[in-house]
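Here is the structure we will look at, set down as structure tokens.
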Amino acid sequence: MGILIWQELYKIWNNKIVWLMIGLFASIYLFTTHTYYTWHSMMAWDRIADFSYSSGSIFEGILILLALSTSFSQEYQLKTDSIILSSKYGRNKLVTAKILASLSFITVLVLGFWILNITFNILMVGDIGWNLPIQSLQKYSSSPYAISIWQYCMIQIATNWLGCVAFGLFVLWLSVINRSYLVVFFVAGVVFATPFFIRNISHFSIIWIIKNASMTEFMRVENIFDSQRTVNWSEITIPLPYPIFYAYILALTIIFVGAIYRCFKTRQVR
């Protein structure tokens with residue numbers, strides 16, 4: 203199993219486009235952050251906390267798409283899937299290896315970007331304010347949660363990672379059911395990008411579901427904690443405490459894992 207995981211990790215990290223985009227995104231972030239502080243005077247934690255909501259989730263989403271869209275589709279195109287499926291236990295080992303390799307990639311990606319984000323911002327203007335309440339941040343003045351800024355940043359990292367994991371598993375599932383990685387990239391890309399173009403609304407509707415039940419919004423974190431979340435159902439206002447969002451994304455993650463195993467298994471019958 204260990205060898206399989208290393209092989210899958212090699213396939214992911216051997217993608218030159220992934221490395222190129224990582225370098226490009228890191229350079230863009232460093233440049234824009236340096237420019238930002240040239241024109242703005244504020245503590246580092248405002249920009250640090252804004253990372254996942256703005257550029258960070260975009261960088262992560264694109265890289266996950268580039269790295270994982272070919273995961274299973276490549277096996278189909280190279281005709282190696284028939285060899286794997288002919289083995290009684292081969293398919294399960296391969297799926298497990300791909301999932302674990304993908305989780306490892308996502309973990310390194312998320313931690314790498316967050317280390318860059320925190321380190322560079324603190325180097326630019328210092329770490330003043332790290333122990334202030336979250337309400338000291340400009341975008342979180344209406345937050346109902348009694349946590350400090352540094353605690354919220356830890357929550358952000360974990361939440362951002364969990365959202366990336368859910369999205370990565372979604373991409374893997376699409377790769378299982380589609381032989382064309384272009385189809386996987388396009389469909390997953392649309393699912394990822396759509397919430398960016400929808401404004402927050404409080405009335406329950408299809409638009410509300412697309413916006414608030416998306417993996418993208420979970421990756422961005424901010425809308426879960428910046429104020430008291432509610433949804434209006436007819437004339438009833440229903441509060442939405444943050445544990446609901448975590449329960450939902452965990453359930454979604456479990457569903458995607460099960461779907462990946464099941465869908466790849468059914469290909470043996472075809």
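Heads up, the sequence shown is in the working numbering, so the first residue is 203 and it goes up one at a time. For glycine and all other residues, C-beta sits at the position ideal for the given N, C-alpha and C.
Exposed unless 16 or more other CB atoms sit within 10 angstroms - verdict on residue i
i      : result
Pro441 : exposed
Arg472 : For Arg472, the predicted model reports a pLDDT of 47, less than 50, meaning its position is unreliable and no value from the coordinates is stated.
Ser271 : buried
Leu475 : It is not possible to answer for residue 475, since the shown part of the chain is limited to 203 through 472.
Ser380 : First, the amino acid is wrong: residue 380 is Asn here, not Ser. Its Cβ being crowded by 16 or more others within 10 Å, Asn380 is buried.
Thr418 : buried
Arg249 : buried
Phe548 : Residue 548 is absent from the model: the chain starts at 203 and stops at 472.
Arg422 : buried
Asn323 : buried
Contact check, residue i vs residue j, beta carbons under 8 Å
i      : j      : result
Cys355 : Ala246 : no
Val297 : Phe420 : no
Ser345 : Ile336 : yes
Phe399 : Tyr347 : no
Leu374 : Ser304 : yes
Leu268 : Met326 : no
Trp410 : Val433 : yes
Val310 : Leu265 : no
Option nearest residue i by Cα separation, candidates the options
i      : options                           : result
Tyr239 : Tyr255, Ser429 and Gly328         : Gly328
Val378 : Val459, Val310 and Ala360         : Val459
Trp332 : Leu211, Phe274, Trp241 and Trp352 : Trp352
Thr439 : Phe447, Gln430 and Trp215         : Gln430
Ile301 : Tyr448, Arg422 and Leu211         : Leu211
Phe274 : Ile219, Lys213, Leu334 and Ile349 : Lys213
Ile308 : Lys295, Leu364 and Ile349         : Leu364
Nearest-angstrom beta carbon gap, residue j and residue i [assumed within contact, 8 Å]
i      : j      : result
Gly263 : Phe394 : 5 Å
Asn425 : Ser254 : That pair is no contact at about 11 Å.
Count the C-beta pairs between the region 359 to 368 and the region 441 to 456 that are closer than 8 Å, then say yes if the count reaches three, no if not.
In short, these stretches touch, since the Cβ pair count reaches three.
Stretch pair the region 219 to 239 + the region 393 to 410: three plus CB contacts closer than 8 Å:
No: fewer than three Cβ pairs fall under 8 Å.
For the region 256 to 263 against the region 303 to 316, are there 3 or more C-beta pairs whose distance is under 8 Å?
Touching, yes.
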